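One line per chain: the protein sequences are A and B, in this order. Those letters in the first sequence? Residues 0 to 254, per numbering that gives the first Met the number 0, in order. Those letters in the second sequence? Residues 0 to 254, per numbering that gives the first Met the number 0, in order. Ideal Cβ positions, reconstructed from N, Cα and C, are used throughout, including at glycine. Every value quoted in this text rests on a predicted model; they were computed, and no experiment measured them.
Protein chains: 2
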Amino acid sequence: MEFLTSNQNQRVKDWKKLQTKKQRTRSNAYIIEGWHLIDEAFKSGKQFKEVMVVDPEDLDDLNFNSEAEVFQITPEIAAHISDTKTPQGIFAVLPLDSYHEDIPDQLTGGWLLLDNVQDPGNLGTIIRTADAAGINGVVLGGSSVDIYNPKLIRSMQGSHFHISLYNGNLNEWILAFKQQQVPVFGTELNEEAKSYKEVGHPEDFALIMGNEGNGMSDETLAQTDQNLYIPMKGNAESLNVAVAAGIVMFQLIKS
Amino acid sequence: MEFLTSNQNQRVKDWKKLQTKKQRTRSNAYIIEGWHLIDEAFKSGKQFKEVMVVDPEDLDDLNFNSEAEVFQITPEIAAHISDTKTPQGIFAVLPLDSYHEDIPDQLTGGWLLLDNVQDPGNLGTIIRTADAAGINGVVLGGSSVDIYNPKLIRSMQGSHFHISLYNGNLNEWILAFKQQQVPVFGTELNEEAKSYKEVGHPEDFALIMGNEGNGMSDETLAQTDQNLYIPMKGNAESLNVAVAAGIVMFQLIKS
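Right, here's the structure in full:
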């Protein structure tokens, strides 16, 4: 096991650069950190390219038998390459997964379509919540957030290892749901909107959540079968998009 | 209207320092920024000590007639005193409100008790959600987060102007709820826990949410009447605490 001690080492510089999308694309890799994420990646059978650890004895607990290159690093290097204030001292470099691009032939179960959700923390929390709710897949429409953004990776808490993520054009997805008679629910208060508690627990459905500030686009809104809203008894004008997504998803799914 | 142009001005230095709890306590004041918050503060009849604006014409829209001191500032000063990357160019300094300390005699409606929730973003989102749900009051137990932390203020989106916030000892609060025959719900998966959908919509209730990593303390847990859990069909092990709080609150309240 190689022991790296300087932030000036070329490997260390490369790891640091993985915080940028440019470098992730160039090296076809991304970085994860912390025990929970590394454990989830192992359980999901992910390939590891590199593992970096401050205390090599920690690896004993991991039942570690991958073909990854393993490096011991100093706490200073850990702080340097970490995206958090309190790094746990373990990191791994994984190859990028190819996004699912094609719309599956069978659109069964619950689906979540995101119309230009922008904040990486919100996006990650929504994907984690969709994973917990038993949603089949999440489609990221119009978002400029890279799925391997460190803040997004952190807030997903490993859910990208479980749930299918798609990059796609929402119009094409909505058309596909309609062709299979799957109801498409928007979330936007308008004259025809129903309370989210009034549509029961459909076996198959597509739920669309809109952008934090602007909601759903008019074009997408025009194509929904039904708009849902969350009645609010209190004084707040709106809910955080991740909270709203959680409330509606856990209502729609059969539990 | 005084026009300030230098970050070295003593006023500007003081505003910058309001990002720290020490300075907020010392000057008995805190800072808010952005149109939405300033608008909410006006609507709630809050007293303004100072208003700082990049473009004084913006004040015309505010129907501004308070006795606050008003300052024109440069975009550079706005960037300097702001807690965000993209400041909107308007700020105000408000006096600290005294926390409610005493437990009210009548504990009616829904109440949310937070057992050591730590992250300011989570805490703010939870308070905003409680406000939307029509919760009567939120009790912060054991938390070290200052209510005037800039990140907390930002994520509450003005809900601290609407909803009563209490600092308190959760044991004393739970005792008060019990004396008034108000059911106290914990949220922790244990042998006696029920699904959150199985307790109906009680007129009065207290709901306790625990710490992000450690959940509720054993001491608090022992005093609940009933523990609730959220059944999860998917693979994620847990939910973000703000999302979980939203799902349970919107289920419990009558809508």
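ask   = If contact means a Cβ-Cβ distance below 9 angstroms, which residues of the region 79 to 98 of chain A contact chain B?
value = Flagged: no residues at all.
request  = Take the Cβ of Leu111(A) as the centre, count every other Cβ of all protein chains shown within 10 Å, and call the residue buried at 16 or more, exposed below.
outcome  = buried
key: Chain-ordered neighbours of Gly233(B) on chain A, where CB pairs are closer than 8 angstroms   = Chain A residues near Gly233(B): Ala129, Asp130, Ala131, Ala132, Gly133, Ile134, His161 and Ile162.
inquiry  = Using only the alpha-carbon positions, how far apart do Glu32(B) and Ala132(B) sit?
reply    = 25 angstroms
ask   = Which partner residues does Met51(B) have in the DSSP bridge list?
value = Looking at the DSSP output, Met51(B) sits in a beta bridge with Phe70(B) and Phe90(B).
ask   = chain A partners of Ala241(B), CB-CB under 9 angstroms?
value = Thr124, Asn239, Ala241, Val242 and Gly245
query = When the cut-off is 8 angstroms and only beta carbons count, does Phe41(B) lie next to chain A?
reply = no
Nearest-angstrom Cβ-Cβ length linking Tyr228(A) and Leu169(A), presumed shorter than 8 angstroms = About 20 angstroms separates the two Cβ atoms, so there is no contact after all.
ask   = Is the Cβ of Ser254(A) closer than 8 angstroms to any Cβ of chain B?
value = yes
query = How would you label Asp104(B), buried or exposed, when you count the other beta carbons within 10 angstroms and need 16 or more for buried?
reply = exposed
ask   = Near Leu95(A), what residues of its chain come up, given a Cβ to Cβ distance below 7 angstroms and the 5 sequence neighbours on each side ignored?
value = For Leu95(A), same chain residues with a beta-carbon under 7 angstroms away, outside a window of 5 residues either side, are Arg23, Asn27, Ala28, Tyr29 and Tyr147 in chain order.
Backbone CA spacing between Leu36(B) and Phe47(A) [nearest angstrom] = 46 angstroms
inquiry  = For Gly120(B) and Leu122(A), I'd like the C-alpha separation in whole angstroms.
reply    = 15 angstroms
ask   = When DSSP labels each residue in this structure, what does Ala131(A) get in the three-state scheme?
value = helix
query = Pro230(B) versus chain A: which residues are under 7 angstroms apart at the beta carbon?
reply = Ser254
ask   = Which residues in the same chain as Pro55(A) place their Cβ atom closer than 7 angstroms to its Cβ, once the five residues preceding and following it in sequence are excluded?
value = Met0 and Gln71
key: Per-residue DSSP class, three states only, for Asp59(A)   = helix
message = So with CB distances below 9 angstroms, who are the chain B contacts of Ser158(A)?
response = Gly233, Asn234 and Ala235
Limits of the unbroken alpha helix (DSSP H) element including Thr219(A) = Unbroken alpha helix (DSSP H) run through Thr219(A): Asp217 to Leu220.
query = How about Phe184(B): is its C-beta nearer than 8 angstroms to some C-beta of chain A?
reply = no
Neighbourhood of Ile246(B) by C-beta, 8 angstroms cutoff - its chain only, sequence neighbours within 5 removed = Cβ neighbours of Ile246(B) beyond the five flanking positions: Tyr195, Ile229 and Leu238.
ask   = Of the residues that make up the region 185 to 196 of chain A, which ones have a beta carbon closer than 8 angstroms to any beta carbon in chain B?
value = Against chain B - using a Cβ distance shorter than 8 angstroms - the residues of the region 185 to 196 of chain A are Ser194 and Lys196.
Those residues which DSSP pairs with Lys193(B) across a bridge = Leu227(B)
ask   = Who does Asp114(B) pair with in a DSSP beta bridge?
value = Gly140(B)
Distance CB(Val92(B))-CB(Glu49(B)) smaller than 8 angstroms = yes
Asn210(B) beta carbon less than 8 angstroms from that of Val116(B) = For Val116(B) and Asn210(B), yes; Cβs fall inside 8 angstroms.
key: Close-in-space but distant-in-sequence residues of the same chain around Gln179(B) (CB under 7 angstroms, 5 per side omitted)   = Leu106
inquiry  = In whole angstroms, give me the CA-to-CA distance for Leu251(B) and Pro201(B).
reply    = Distance between the alpha carbons of Leu251(B) and Pro201(B) is about 7 angstroms.
query = Does the distance from the CB of Ala205(B) to the CB of Ile125(B) come in under 8 angstroms?
reply = Contact: no.
Lys21(A) to Phe2(A) span [Cα, whole Å] = One C-alpha to the other measures close to 27 angstroms.
task = Report the neighbours of Phe204(A) on chain B: residues whose CB is nearer than 7 angstroms to its CB, in chain order.
result = Within chain B, no residue comes near Phe204(A); the closest Cβ sits about 14 angstroms away, beyond 7 angstroms.
task = Measuring only between beta-carbons, confirm whether Phe70(B) sits less than 8 angstroms from chain A.
result = no
task = Identify, in the order they occur along the chain, each residue of the same chain with its Cβ nearer than 7 angstroms to the Cβ of Trp172(B), setting aside the five sequence neighbours on each side.
result = These residues qualify, in order along the chain: Ile102, Leu112 and Val138.
Of the listed residues Trp34(A), Ile80(A) and Thr223(A), nearest to Val183(A) (C-alpha basis) = Closest by C-alpha distance to Val183(A), out of Trp34(A), Ile80(A) and Thr223(A), is Thr223(A).
query = Helix, strand or coil: how does DSSP classify Gly245(B) here?
reply = helix
task = Would you mind telling me which residues of chain A sit closer than 8 angstroms to Phe2(B), beta carbon to beta carbon, in chain order?
result = Correct list: empty, because the minimum Cβ distance to chain A is about 31 angstroms.
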